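See structure below.
Protein chains: 2
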Amino acid sequence: MTTSPRPAAPPLTERQEARRRRILHTAAQLASRGGFEAVQMREVADTAGVALGTLYRYFPSKVHLLVATMQDQLQLFQDQTRKHPAAGEDPGTRVAETLMRTFRGLQREPQLAEAMVRALTFADRSVSAEVDQVSRITGALILDAMGLDQPPTREQLAAVRVIEHTWHSALVTWLSGRASIAQVRIDLETACKLLTME
Amino acid sequence: MTTSPRPAAPPLTERQEARRRRILHTAAQLASRGGFEAVQMREVADTAGVALGTLYRYFPSKVHLLVATMQDQLQLFQDQTRKHPAAGEDPGTRVAETLMRTFRGLQREPQLAEAMVRALTFADRSVSAEVDQVSRITGALILDAMGLDQPPTREQLAAVRVIEHTWHSALVTWLSGRASIAQVRIDLETACKLLTME
DNA sequence: GGGTAATCTAGAACACGTTCCAGCGTGACA
DNA sequence: TGTCACGCTGGAACGTGTTCTAGATTACCC
């Protein structure tokens, strides 16, 4: 897969880093209130105290902005999960439990979740590097939860991919009101059976 | 789940049915050329020979229009699959084969596929009834491919859901250039293992 | 401290999805 | 045939994502 022409991000000054954080924080805040459509670029810029053009310099589109927000949030979940790993008999149980925890985390701010996930699935090729990064974090979350002694087998990696697909798609159906949390749990548990298969 | 207030679609006259088909055909044509963003409501209306307001009377948003297009296309695949069912040893193989065929069908018009899938995943709650319909067709496609003698078991239905999630999400990753066809095939085959599990 | 290139600001401008409106057909019913 | 209700038309108008420009500020190097 081709990597888009990304000139290896020049290091940001302190002020710039602060601006970036302000923007991300504002985006998350607006999203928490009204979801995807409440994140309006002009308002993000105003609230973050930055010109519209600057906002676009940091995040080339609304989708980029929200995907970056998702990276941020997932990172938090990952840190938290590493501090308190799920306890369970087998890898499948631990993974399902970990993902359900993450799910409940998202559930606490459903509008924010909606905004981030809409952005994630709406992303076109120009955002694929960033979306890939999100996918990588999710994969790491799952692998962590498996708590393996040895490196994962080919079959386990294949199973992780399917679990990731299921996680992602189940999230979407839940957000659009087409599946209950209970159903999501069942779907995740079903997918996780792949981990303990021969 | 609440069904949105849909006054049970009054029957369309012949002219109206023709308009609807013209609109859908135009949408598919524009999408085939340039994907999601090439489907511009003004252009659809002009090309289909209807006023913009009329277009919106038939399809309340661009997403509705493209989801309806997807329903249409899926229906075609389903008819075709029923005429030429996949031959394979076990249900899992047949399902994987059927889905890969559908995949290749979409691959033939990648821009159209992109437009439809972007719409599908971007859809919010106001489109959930239509999206659900797409999901139902996909489910039927899979169940058909299983070629069961008896009604499916609870486990099989759970597996079908995960396969559907995988199908859907794999499609998205392929469209955004983050997974190859070969990878999609592997993912589908992995998910289909759930069908032949004890 | 001075010069210079990069970055930031304010705001106008543009594109496209969506809404709205006034008036014209058209088909159903008396 | 008259009339009434409904759908359709053409087009203006609005909102929000995105782009662009001219000038102010900042960061960096000598």
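Note that the protein sequences, when read in sequence, are chains A and B.
For the first sequence, UniProt numbering begins at 1 and goes up steadily by one.
For the second sequence, UniProt numbering begins at 1 and goes up steadily by one.
Don't be surprised by glycine CBs; every beta carbon is placed ideally from N, CA and C.
From a predicted model like this one, the values you see are computed outputs, not experimental measurements.
- Identification of chain B residues near D132 of chain A by a Cβ-Cβ cut-off of 7 Å yields R178, ordered along the chain.
- In this structure, Q150 of chain B keeps its C-beta atom at 9 Å or more from the C-beta atom of L195 of chain B.
- In the DSSP annotation of this structure, the continuous segment of the alpha helix (DSSP H) that includes R82 of chain A starts and ends at K62 to K83.
- In the three-state DSSP reduction, M197 of chain A falls in the coil class, being neither helix nor strand.
- In the three-state DSSP reduction, S126 of chain A falls in the helix class (H, G or I).
- In terms of beta-carbon proximity, D124 of chain B lines the interface with chain A, with at least one pair separated by less than 9 Å.
- With a threshold of 16 other beta carbon atoms within 10 Å, T13 of chain B falls short and is exposed.
- S180 of chain B sits in coil when the DSSP states are folded into three classes, being neither helix nor strand.
- For the segment 146-171 of chain B, the beta-carbon criterion of a distance under 7 Å to any beta-carbon of chain A is satisfied by A158, A159, R161, V162, H165, T166, H168, S169 and A170.
- Among the residues facing chain B, A96 of chain A is not included, as its CB has no counterpart in that chain under 9 Å away.
- In the structure shown, Q29 of chain B falls within a helical segment according to DSSP collapsed to helix, strand and coil.
- Contact annotation for R118 of chain B against chain A: F122 [CB-CB distance below 7 Å, chain order].
- For E97 of chain B, the enclosing alpha helix (DSSP H) begins and ends at P91 to Q107.
- Counting only residues of its own chain and dropping the five nearest sequence neighbours on each side, V44 of chain B has a CB closer than 8 Å to the CB of I23, T26, A27, L30, L55 and L65.
- For P110 of chain A, the three-state secondary structure derived from DSSP is helix.
- Going by DSSP, L55 of chain A is part of the alpha helix (DSSP H) stretching over L52 to Y58.
- Nearest to L99 of chain A by C-alpha distance, out of A:F77, A:M116, A:K83 and A:F122, is A:F77.
- Counting C-beta pairs closer than 8 Å gives fewer than three between the segment 130-142 of chain A and the segment 122-130 of chain B, which falls short of the contact rule.
- D149 of chain A carries a coil assignment under DSSP once its states are collapsed to helix, strand and coil.
- At least 9 Å separates the CB of I137 of chain B from every CB of chain A.
- According to the DSSP assignment, Q40 of chain B belongs to no alpha helix (DSSP H), since it is labelled neither H nor E.
- By the rule that beta-carbons nearer than 9 Å mark a contact, I186 of chain B touches chain A.
- At least one CB atom of chain A sits nearer than 9 Å to the CB of F36 of chain B.
- The CB of M197 of chain B comes closer than 7 Å to the CB of K193 and M197 in chain A, given here in chain order.
- When the Cα atoms are used, H84 of chain B and Q107 of chain A turn out to be separated by approximately 44 Å.
- Under the criterion of beta carbons closer than 8 Å, D144 of chain A and T93 of chain A do not qualify as touching, at roughly 14 Å.
- Taking a Cβ-Cβ cut-off of 8 Å, T47 of chain B has no neighbours in chain A, whose nearest Cβ is about 24 Å from it.
- Here DSSP, grouped into helix, strand and coil, assigns L12 of chain A to coil.
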